[in-house]
Every structure is written in C-alpha cells, then in structure tokens.
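Residue numbers (our numbering): 28 to 98.
This is the structure we're talking about:
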C-alpha cells in the first residue's frame, strides 16, 4: 500500500522544533513529524482506554472471581 500524505500547517516555533530534532537525530523532518504523530495517537488511545476502564470500574455492580471467569 502506498504511503498517504498529509499537508500540515505549523507555526514557526513548532516547525523549528521539528527541524531541530531532525538535525539532532540525523533524520528528515517528515520522519520526525510522523513519529511524533504516532506517539501522540498512542497517548490519546491510552487516555481513552483509561477513561473507559475507570467508568467500568465505577459502574461495576458485582465482581466475578478470577477462577470463575476462566472456567
């Protein structure tokens, strides 16, 4: 599958930080931006699952014992 492209407008400070990271890591700014986006998406996913888990724990009416769950 061909890579999809996304045009993103950045403020000057963010652009400079990405290009500086790229220079430090001897990488392209596109690769740095991609890695930052992937990391951000993973953090967002973790936060979403945490919120869901907390809701389920708060609303649990009863608990099933571990041994009973695996019968």
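Ideal Cβ positions, reconstructed from N, Cα and C, are used throughout, including at glycine.
| query | Anyone know if the C-beta pair for residue 59 and residue 45 falls short of 8 Å? | reply | Yes, Cβ-Cβ distance for residue 59 and residue 45 is below 8 Å.
| Pairwise C-alpha distance: residue 68 and residue 6 | Since the first and last residues shown for the chain are 28 and 98, residue 6 lies out of range.
| field | Between the CA atoms of residue 62 and residue 30 - distance to the nearest angstrom | value | 14 Å
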